[in-house]
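If you count the sequence shown from 1, position 45 lands on 820 in our numbering, and the numbers rise without skipping.
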Amino acid sequence: MTGRHMRQQQRKQDAGMQFAGGEIQSAQHDGQPTRPALLRHAPTFRHRHPASPCCKCCGVVLGVSSDSHGKGRDLAEPWTIDALAEALRGYDGEFAVQPLEGDEPVLHVTMREHGDLAVFLSAAGDQIVASTLLWPVDEQADADAFNRFILKAQKVVPLSNFAITEVDGRDYYELVGELAAASPIEMIVLELRVLADNAISAADDLRTAFAA
776 MTGRHMRQQQ
786 RKQDAGMQFA
796 GGEIQSAQHD
806 GQPTRPALLR
816 HAPTFRHRHP
826 ASPCCKCCGV
836 VLGVSSDSHG
846 KGRDLAEPWT
856 IDALAEALRG
866 YDGEFAVQPL
876 EGDEPVLHVT
886 MREHGDLAVF
896 LSAAGDQIVA
906 STLLWPVDEQ
916 ADADAFNRFI
926 LKAQKVVPLS
936 NFAITEVDGR
946 DYYELVGELA
956 AASPIEMIVL
966 ELRVLADNAI
976 SAADDLRTAF
986 AA
């Protein structure tokens, strides 16, 4: 097992979330929010938008270098967790942010306009990953059929990936979004809002539709 794999497995053991009464709640350990694993273990159906000069889905235009060495390259620097925290604090209290230390730093984001939903941001390499846990797989009635159902429901939950991830030896449904590491803050905020909307939809509308 490689050192990176071992760190990823440890992050799974560090994570903890619980789903109760139709609400998604963040678990805490010693007064600190725990972190979800950011690895995905299920096929995805995200409507992807390339890290190109223009993202038509949100009307954001990215800076592009015009010199011969950087033609078509986004001029923005990749985000760090500290820089993301500072930028998100400027959104009029919409987000409460807390950097979590570790081998791979993670930003815990509380979505105040989405029932204090906990989302975790990781910024490493060429991508930013936003992740939120939903509910334990063993609490889902007819889980195999539900798994097929959500993989077919891409238009119901756009711009996010469903996944199953292990936390403390227990499988959880997870919702994940990804962006290029140098995406404008407007796109990152859009991703957070869409992910939160989709998580609430999955916890309510999607489960209701499956049970009907």
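Even for Gly, the Cβ is constructed at its ideal location relative to N, Cα and C.
Asked                                                                                                   : Found
Enclosing alpha helix (DSSP H) for Ala738 [first to last residue]                                       : Only positions 776 to 987 of the chain appear in the structure, and residue 738 is not among them; the question remains open.
Inter-stretch contact (C-beta, 8 Å, three-pair minimum) for the stretch 964-976 and the stretch 896-910 : yes
Within 9 Å, strictly: CB atoms of Ala860 and Gln873                                                     : yes
Rounded straight-line distance, which links the Cα of Val951 to that of Leu970                          : 7 Å
Lys985 to Ala978 span [Cα, whole Å]                                                                     : The sequence shown places Phe at residue 985, rather than the Lys named in the question. Taking the straight line joining both Cα atoms gives about 11 Å.
Where Ala916 sits in the DSSP three-state scheme                                                        : coil
Spatially closest choice to Phe924 from Trp854, Ile856 and Arg982, by CA coordinates                    : Arg982
Buried or exposed (CB count within 10 angstroms, at least 16 for buried), Ala957                        : buried
Residues bridged to Phe895 (per DSSP)                                                                   : His883 and Ser906
C-beta neighbour in chain B for Val884, strict 9 Å                                                      : This model lacks chain B altogether; it includes just one protein chain.
Contact under 9 Å by Cβ, Ser897 with Pro880                                                             : yes
Local conformation of Arg945 per DSSP, three classes                                                    : strand
N- and C-terminal bounds of the beta strand (DSSP E) containing Ala871                                  : Phe870 to Leu875
Sub-9 Å separation of Thr907 and Phe921 beta-carbons                                                    : no
Alpha carbon of Ser935 to alpha carbon of Lys927, nearest angstrom                                      : 13 Å
Status (buried if at least 16 other CB within 10 Å, exposed otherwise) for Glu953                       : buried
Among Ile939, Thr855, Ile975 and Leu882, nearest to Asp919 - alpha-carbon criterion                     : Ile939
Glu861, enclosing alpha helix (DSSP H) - first and last residue                                         : Ile856 to Leu863
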